[in-house]
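Heads up, the thing below is written out as C-alpha cells.
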Amino acid sequence: MRAVILAGGMGTRLKPYTITLPKPLVPVAGEPIMKHLLKNLKREGIKEVYICVNHMGDLISAYFGNGSEQDIKINYSYENEPLGTVAPIKLVKGLPEDFVVINGDVLTDLSIENLFKDHKKSGAILTVATYQRKEKIDYGVLKFDSDNQINYFVEKPKYLFDVSMGVYVFNKKIFDYVPDNKHFGFDDLMEVLLENGEKIQAYPHDGYWMDIGRPEDYEQANIDMLEHLAKVENIVEKDVKNGLEDTFI
C-alpha cells in the first residue's frame, strides 16, 4: 500500500495555533500531528507516502525530510496555487491503481489495511471511511405549520451524523473526473461521481477518530493522546517488571 497525505491547507479554523505553523506541524502531546499519523501508517504496513503541500510547505519538508527518521519513504508534491483537496492528488506521479488518501490532521485507530481490503473487495471507485459524530445545536429548535402554529420544540438537541473521517481509498479512474490545474475539492468529487453513477463505498468505523480542524477538537486530541500515552507507559512498565521487555517496540 501507498498513501497520499493532504497537507496543503491553511488551517484557518485552527487559528491562532496555525499563525506560525502549518496545521500538520501543530503539536499533539508534544509531537506534530503528522508525525503521529506517519507512525500509524508505518505500523499499518505503508512504506511510502506522498505529501501534497502548499501553505508553509517548506516547513513541512524541512521537518520530515525524506522520512528516514520515521523509517518511511516520503515524497513531496508541490502546488503552485491552492487546488483544493482532490486536484493536488492528480499532480502526484507514480501512484498505483488503488491508494490511500488521508488528511494530514487526523488521529484515528482505524485499520488502514482492513479499509484497503474492503475497498478492493467492493470494486468501488472510491471508499470513504465514516464515523458517527454527535453534534449539539446550541439553540431551542422548533417547527411550525403553514399557519405559524408551533407544533414541535426541543431545547439544545443532539443529532447523530455519519461524517467523512478524511480517510479514503482512491482508484485511479477518479482522475478521469478531475480537471487539470483547477481547484477541485472532495465535495466536487462526490457530486460528479454520484451524477455519473459511480460506485462509492462507505466504511464505518466505531473506534477512535479526531480531526483537529477546530480549537476545541485540538484541545480534546491533546487530552486523548496524553491519556493514551500514559496507559501505554503503564503497560510497558508492568511488562518490564515481569521480564517482558520485548513485548512492545
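For the sequence shown, our numbering begins at 5 and goes up steadily by one. Just so it is clear, CB atoms sit at the ideal spot from N, CA and C, and this is done for glycine as well.
Contact check, residue i vs residue j, beta carbons under 9 Å
{"i": "H305", "j": "Y163", "result": "Nothing about residue 305 can be reported from this structure: the residues present for the chain run from 5 to 253 only."}
{"i": "I116", "j": "I50", "result": "yes"}
{"i": "V105", "j": "F188", "result": "no"}
{"i": "P86", "j": "H59", "result": "yes"}
{"i": "F165", "j": "E139", "result": "yes"}
Rounded C-alpha distance that separates residue i from residue j
{"i": "N152", "j": "I141", "result": "22 Å"}
{"i": "K46", "j": "D75", "result": "8 Å"}
{"i": "F103", "j": "F68", "result": "21 Å"}
{"i": "M38", "j": "L198", "result": "31 Å"}
{"i": "C56", "j": "D149", "result": "50 Å"}
{"i": "K27", "j": "D109", "result": "7 Å"}
{"i": "K186", "j": "E83", "result": "11 Å"}
{"i": "R218", "j": "V171", "result": "18 Å"}
{"i": "I204", "j": "A33", "result": "35 Å"}
{"i": "T131", "j": "M169", "result": "11 Å"}
{"i": "K121", "j": "F179", "result": "21 Å"}
{"i": "A128", "j": "Y207", "result": "11 Å"}
{"i": "G211", "j": "K124", "result": "22 Å"}
{"i": "S72", "j": "E52", "result": "11 Å"}
{"i": "V240", "j": "P183", "result": "The predicted position of V240 is uncertain, since its pLDDT is 35 and thus under 50; a value taken from the coordinates is nonetheless stated next. Going from the Cα of V240 to the Cα of P183 covers about 50 Å."}
{"i": "M229", "j": "N79", "result": "27 Å"}
{"i": "N226", "j": "L41", "result": "14 Å"}
Residue of the options minimising C-alpha distance to residue i
{"i": "I216", "options": "G98, T112, M60", "result": "T112"}
{"i": "V30", "options": "D228, H232, E223", "result": "E223"}
{"i": "L144", "options": "F157, V167, A133", "result": "It is Gly, not Leu, that sits at residue 144 in the sequence shown. Considering only alpha carbons, the answer is F157."}
{"i": "M214", "options": "K177, V167, A206, Y54", "result": "V167"}
{"i": "F190", "options": "E139, P92, A66", "result": "P92"}
{"i": "M5", "options": "Y212, G98, V182, L230", "result": "G98"}
{"i": "A11", "options": "K43, Y54, S126", "result": "Y54"}
{"i": "A7", "options": "D62, G88, E101, A66", "result": "E101"}
{"i": "E202", "options": "E159, L95, S126", "result": "S126"}
Collapsed DSSP secondary structure at residue i in the structure displayed
{"i": "K203", "result": "coil"}
{"i": "V30", "result": "coil"}
{"i": "R47", "result": "helix"}
{"i": "I64", "result": "helix"}
{"i": "P208", "result": "strand"}
{"i": "D228", "result": "helix"}
{"i": "F174", "result": "strand"}
{"i": "V8", "result": "strand"}
{"i": "E85", "result": "coil"}
{"i": "L198", "result": "helix"}
{"i": "K162", "result": "strand"}
Worksheet item: In the segment 112-151, which residue ranges form an unbroken beta strand (DSSP E) of at least 3 residues, counting only runs that do not cross its ends?
Response: Within the segment 112-151, the runs of beta strand (DSSP E) at least 3 residues long that lie entirely inside it are, in chain order, 130-140, 144-148.
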